[in-house]
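Colleague: Using the working numbering, you'd call the opening residue of the sequence shown number 55 and step up by one each time.
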Amino acid sequence: MSDIRRSILWVIFGFSMILLWDRWQIHNGQPATFFPSSSPPKTAAPAPAASGTGVPTPTAASASAASGVPAPVARQRHTVRTDVFELTFDSEGGALVGARLLKHAAETGKALQKTFTPLELLTTEGGRTYVAQTGLIGSGGLPTHKTPMRLVEPAGTGPIALADGQDRLVLRFESEPQGGVVLSKTYTLRRHSYLIDVQHEVRNVGDAPVQARVYQQLVRDGLKAGSETPFYSTFTGPAVYSEAAKYQKVEFANIDKGKIDIQRQASDGYVAMVQHYFTSAWLMPAGVERENFVRKVDNLYAVGQIGPDATVAPGATQTMASQLYVGPQEEKVLEAIAPGLELVKDYGWLTILAKPLYWLLEKIHGLVGNWGWAIVALVVLIKAAFYWLNASAYRSMAKMKAINPRIMEMRERLKNNPQLMQQEMMKLYREEKVNPLGGCFPILIQIPVFIALYWVLLASVEMRNAPWIGWIVDLSSPDPYYVLPIIMALSTLVQTALNPLPPDPLQAKLMWMMPLIFSVMFFFFPAGLVLYWIVNNVLTIAQQAYINHAMGVPLKFNLPKFK
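1) Whose C-alpha, out of Y508, N470, Q372, Q473, is nearest the C-alpha of D363?
2) Contact check, N353 vs I316 under 8 Å by CB: the rounded distance?
3) Could you give the distance in angstroms between the alpha-carbon of Y401 and the alpha-carbon of F504?
4) Using the Cα positions of A509 and Y412, report the straight-line distance between them to the nearest angstrom.
5) If I follow the unbroken alpha helix (DSSP H) through W403, where does it start and stop?
6) Would you kindly check if the distance between the Cβ of S247 and the Cβ of L237 is under 8 Å?
7) Please state the DSSP three-state secondary structure of K303.
8) Among the candidates Y184, A392, D322, whose CA atom is the shortest distance from the CA of A298?
9) Do three or more CB pairs link the segment 511-527 to the segment 412-428 at distances below 8 Å?
10) Quick one: which unbroken beta strand (DSSP E) runs of 3-plus residues sit fully inside the segment 340-370? Chain order, please.
11) Taking 7 Å as the limit between beta carbons, can you name the residues of its chain near P502, skipping five residues before and five after?
12) How is N627 classed by DSSP in three states: helix, strand or coil?
13) May I ask you to list the residues that DSSP assigns as paired with F143?
14) Per DSSP, what kind of secondary structure is N590 in: helix, strand or coil?
15) Please report how far the alpha carbon of D275 lies from the alpha carbon of R182, in whole angstroms.
16) Between the Cα of Y483 and the Cα atoms of I461, R467, K469, which residue gives the shortest distance?
17) Is DSSP giving R465 helix, strand or coil here?
18) Do you know whose CA, among E485, P213, P197, lies nearest Q232's CA?
19) For A392, tell me which candidate among R222, G180, W336, K168 has the shortest Cα-Cα distance.
20) Less than 8 Å between the CB atoms is what I'm expecting for P534 and W525, so what's the real figure, rounded?
21) With a threshold of 16 other CB atoms inside 10 Å of the CB of K664, please say whether the residue is buried or exposed.
22) The alpha helix (DSSP H) with S545 in it runs from where to where?
23) Less than 6 Å between C-beta atoms, sequence neighbours within five positions excluded: which residues of the same chain meet that for L552?
24) Please specify which runs of the beta strand (DSSP E), each continuous and at least 3 residues long, are wholly inside the segment 164-241, giving them in chain order.
25) For P126, which residues of its own chain have a beta-carbon under 7 Å away from its beta-carbon, when the five flanking residues on both sides are left out?
26) Is the beta carbon of S545 closer than 8 Å to that of I601?
27) Output needed for L388: all residues of its chain with C-beta closer than 6 Å, excluding positions within five of it in sequence on either side, in chain order.
28) Alpha carbon to alpha carbon, how far is A596 from V433? Give it in angstroms, no decimals.
29) Taking the alpha-carbon positions, what's the Y301 to I314 distance?
30) Who are the Cβ neighbours of R131 in its own chain at under 6 Å, not counting the five residues just before and after it?
31) Out of S296, P208, F306, L190, point me to the one whose CA is closest to Q271's CA.
32) Measuring alpha carbon to alpha carbon, tell me which residue in E161, G148, G212 is nearest F227.
33) Name the residue from Y295, A604, T162 whose alpha carbon lies nearest to the alpha carbon of A340.
34) Buried or exposed for T333, please, with buried defined as at least 16 other CB atoms from any protein chain shown within 10 angstroms of its CB.
35) Measuring straight from C-alpha to C-alpha, what distance separates E385 and R267?
36) Establish whether the CB of R245 and some CB of chain C are separated by less than 8 Å.
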């Protein structure tokens, strides 16, 4: 029966190695070996059709040129600065084509100690494309995100910035008449906020009614965020949320194949572009009917919404309000903006456990003021909560350790009679009241909790450039001197040595190889994840040693004999 427990661990270990190999293949641009359909490498597949949305493509020719209306002004870019943003707006379409987050550094870890460069989320530079666009669709060549517009507010040509004592800043772009319509876009920026209010005004300056629909989209290339590694990664790509269908992620690879399964018609929710730690999202007011879309055009991926059809009478003006979020995935902030927006913070399949763990971690941080010590305290609380369950497992392991010499003697004596050996072992288990699986099930029950905590630490932007002590200046980056991974490896070896050795010498040797193999991965893991694992190991060793002592089992290391 003890072999069953080992077999379960080997199955888990083998499956982990398979997943790691596939992730390494994908990271190096190769197809996955074992699960090729799960996450194939990005390809230059032909773009699928625009799904009938009618939204102009990101690289479409200017609508004004197509209709014979000359551009009223030369194309310009306007830089706007607040206390949290440095935004760049393009006079072509009044689009947001650059966003630097002034509170978040592009560098992490030791590199941040040398220089501070704000993180650039939206951009059209350096071979990257990530922009927010809006416009109109309808008959008669209406203004789009490619239509030239002029900045009419604020007036003048000087720097645009949120002044001291000023709580909000308004920018207004306006197009020339096109298709009988003048389109105005008003962006309202507020102090301390990554949320931008956007209002579209459709003014009919013609002689006939005009039907128009406002669209808004996020367009980006398919490159992953720089924080990804072959050993751990989070989702990057479009996401759509509605109350009916909840949160739907769309992989870039599935868009390449035309496999786009989203809730297209909705009256609530948002569309977003998600990456590790940061996101952008368009939000229409709740109750407004909209059509969601995801598509690929010219190697760029787009996710967006099309508003309801509006009929604008001659001389009349129709307005539509919406919001644009461009910033970090701070869970409390996102929850306050819109229902479900916090789901862009990718916890994987254990969100139901991860959310309360993050809530508890944040509360502890509010008391201790340091995310590293908050991790230590959280692991202590979790181990305390599972103390009695762990105690049951360790008592069972201690009993197994006490009778292990007798089992090994029995296996040697009856090795030529497996049936009798099995009967004698079961008899020994009954006499000593030992359950060979008693140390396995209590530990398996806790695995989902620790996996959820793993994702909390991996997905939380608060860990990014958060110091702990001494040389650990960024809990989201690997330990630059590999001190924590080495401590983790040693603690894992000590924990292994306290467990009873399998009777089979080959299994015993392999059991010692597993922690060494896993330790290699931790050299590339964020320091916060390694710290949580070290604390868990140390507490496990302490509890196991205490229970062994209480049960009169000698505290000694069980080392295999390597020949």
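Just so you know, even glycine gets a beta-carbon here, dropped at the ideal spot from N, CA and C.
Modeller: Let me lay it out:
1) Taking the first residue of the sequence shown as 1, we reach residue 363 at position 309. Checked all of Y508, N470, Q372, Q473; the closest Cα to D363 is Q372.
2) One-based indexing of the sequence shown puts residue 353 at position 299. One-based indexing of the sequence shown puts residue 316 at position 262. The Cβ separation is near 21 Å, so there is no contact.
3) The sequence position of residue 401 within the sequence shown is 347, counting from 1. The sequence position of residue 504 within the sequence shown is 450, counting from 1. Spanning the two alpha carbons is a distance of roughly 12 Å.
4) Here residue 509 corresponds to residue number 455 of the sequence shown, with the count starting at 1. Here residue 412 corresponds to residue number 358 of the sequence shown, with the count starting at 1. As written in the sequence, residue 509 is Trp, which differs from the Ala given in the question. Near 10 Å, if we compare the C-alpha coordinates of Y412 and W509.
5) Along the sequence shown, read from residue 1 onward, the residue named residue 403 stands at position 349. Where W403 is concerned, there is no enclosing alpha helix (DSSP H), given that its DSSP letter is neither H nor E.
6) If you number the sequence shown from 1, residue 237 lands on position 183. If you number the sequence shown from 1, residue 247 lands on position 193. No.
7) One-based indexing of the sequence shown puts residue 303 at position 249. Strand.
8) Indexing the sequence shown from 1 puts residue 298 at position 244. Ranking the options by Cα distance to A298, first place goes to D322.
9) yes
10) 344-351, 354-360, 364-366
11) By one-based count along the sequence shown, residue 502 stands at place 448. Counting only Cβ-Cβ distances below 7 Å, and skipping sequence neighbours, we find L404, L407.
12) Here the chain has residues from 55 to 617 only, and residue 627 is not among them.
13) Here residue 143 corresponds to residue number 89 of the sequence shown, with the count starting at 1. Bridge partners of F143: H132, L150.
14) On the sequence shown, residue 590 is found 536 positions in, with the first residue counted as 1. Reduced to three states, the DSSP call for N590 is helix.
15) Here the question's residue 275 lines up with position 221 in the sequence shown. Here the question's residue 182 lines up with position 128 in the sequence shown. Those two C-alpha atoms are separated by around 7 Å.
16) For the purposes of this step, residue 483 is taken as the residue at position 429 of the sequence shown. If we check each option's Cα against that of Y483, I461 comes out closest.
17) For the purposes of this step, residue 465 is identified with residue 411 of the sequence shown, where counting begins at 1. Helix, per DSSP.
18) Here residue 232 refers to the residue found at position 178 when the sequence shown is read from its first residue. The candidate whose alpha carbon is nearest that of Q232 is P197.
19) Residue numbering aside, residue 392 sits at position 338 when the sequence shown is read from its first letter. The residue with the shortest Cα to Cα distance from A392 is W336.
20) Residue mapping note: residue 534 aligns to position 480 of the sequence shown, counting from 1. Residue mapping note: residue 525 aligns to position 471 of the sequence shown, counting from 1. The pair is a contact, with the Cβ atoms about 7 Å apart (cut-off 8 Å).
21) Since the first residue of the chain shown is 55 and the last is 617, residue 664 is not available in this structure.
22) The sequence position of residue 545 within the sequence shown is 491, counting from 1. Note, S545: alpha helix (DSSP H), 537-552.
23) Against the sequence shown, residue 552 aligns to sequence position 498. Within the same chain, L552 has close Cβ partners Q598.
24) 172-176, 184-191, 203-207, 222-229
25) Start at 1 with the first residue of the sequence shown, and residue 126 comes out as number 72. With a pLDDT of only 49 at P126, under the threshold of 50, the placement of this residue in the model should not be trusted; the figure read from the coordinates follows. Closer than 7 Å at the Cβ level, and outside the excluded window around P126, lie P202, R204, E230.
26) Indexing the sequence shown from 1 puts residue 601 at position 547. Indexing the sequence shown from 1 puts residue 545 at position 491. In this structure, S545 does not lie closer than 8 Å to I601 by Cβ.
27) Numbered from 1 along the sequence shown, position 334 holds the residue referred to as residue 388. Within the same chain, L388 has close Cβ partners L395, E396.
28) By one-based count along the sequence shown, residue 433 stands at place 379. By one-based count along the sequence shown, residue 596 stands at place 542. If I take the Cα positions, the gap works out to 14 Å.
29) Here residue 301 refers to the residue found at position 247 when the sequence shown is read from its first residue. Here residue 314 refers to the residue found at position 260 when the sequence shown is read from its first residue. Spanning the two alpha carbons is a distance of roughly 14 Å.
30) Your numbering for residue 131 matches position 77 in the sequence shown. Within the same chain, R131 has close Cβ partners T142, D144.
31) What you label residue 271 is simply residue 217 of the sequence shown in a count that begins at 1. Measuring from the Cα of Q271, the nearest candidate turns out to be L190.
32) If you number the sequence shown from 1, residue 227 lands on position 173. The shortest Cα separation from F227 among E161, G148, G212 belongs to G148.
33) Walking along the sequence shown from the start, residue 340 turns up at place 286. Checked all of Y295, A604, T162; the closest Cα to A340 is Y295.
34) One-based indexing of the sequence shown puts residue 333 at position 279. Answer is buried; the Cβ neighbour count reaches 16.
35) Your numbering for residue 385 matches position 331 in the sequence shown. Your numbering for residue 267 matches position 213 in the sequence shown. So the two alpha carbons sit approximately 32 Å from each other.
36) In the structure shown, chain C cannot be found, because there is only a single protein chain.
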